[in-house]
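Asker:
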C-alpha cells in the first residue's frame, strides 16, 4: 500500500465523507486502514443478570 501509519488522510466515501484523520493501523492483506476517531461502531449490549 502507498500509505503508512501516521499519514493524514481525507475520507472520500461513506458516512464520514469529507472528514480527516490520522492512520492508526494499516492492514495490507485486507486492503484496509484504521483511521483514528472515524467509522466508530457502537454496540448496544443487554445488561448482564446479577
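Residue numbers (this note's numbering): 1031 to 1080.
Ideal Cβ positions, reconstructed from N, Cα and C, are used throughout, including at glycine.
Predicted, not measured: the structure shown is a model, and the values here were computed from it.
DSSP three-state call for residue 1041: helix, strand or coil?
Answerer: Reduced to three states, the DSSP call for residue 1041 is coil.
Asker: Grab me the residues of residue 1067's own chain with a C-beta within less than 8 Å of its C-beta, minus the 5 sequence neighbours each way, in chain order.
Answerer: Taken in chain order, the residues that qualify are 1051.
Asker: Measuring straight from C-alpha to C-alpha, what distance separates residue 1042 and residue 1078?
Answerer: Approximately 39 Å, taken between the alpha carbons.
Asker: Out of curiosity, what's the CA-to-CA distance linking residue 1073 and residue 1062?
Answerer: Roughly 21 Å separates the two Cα atoms.
Asker: Please confirm whether any heavy atom of the ligand MG lies closer than 7 Å to the CB of residue 1080.
Answerer: This structure simply doesn't include the ligand MG, nor any ligand for that matter.
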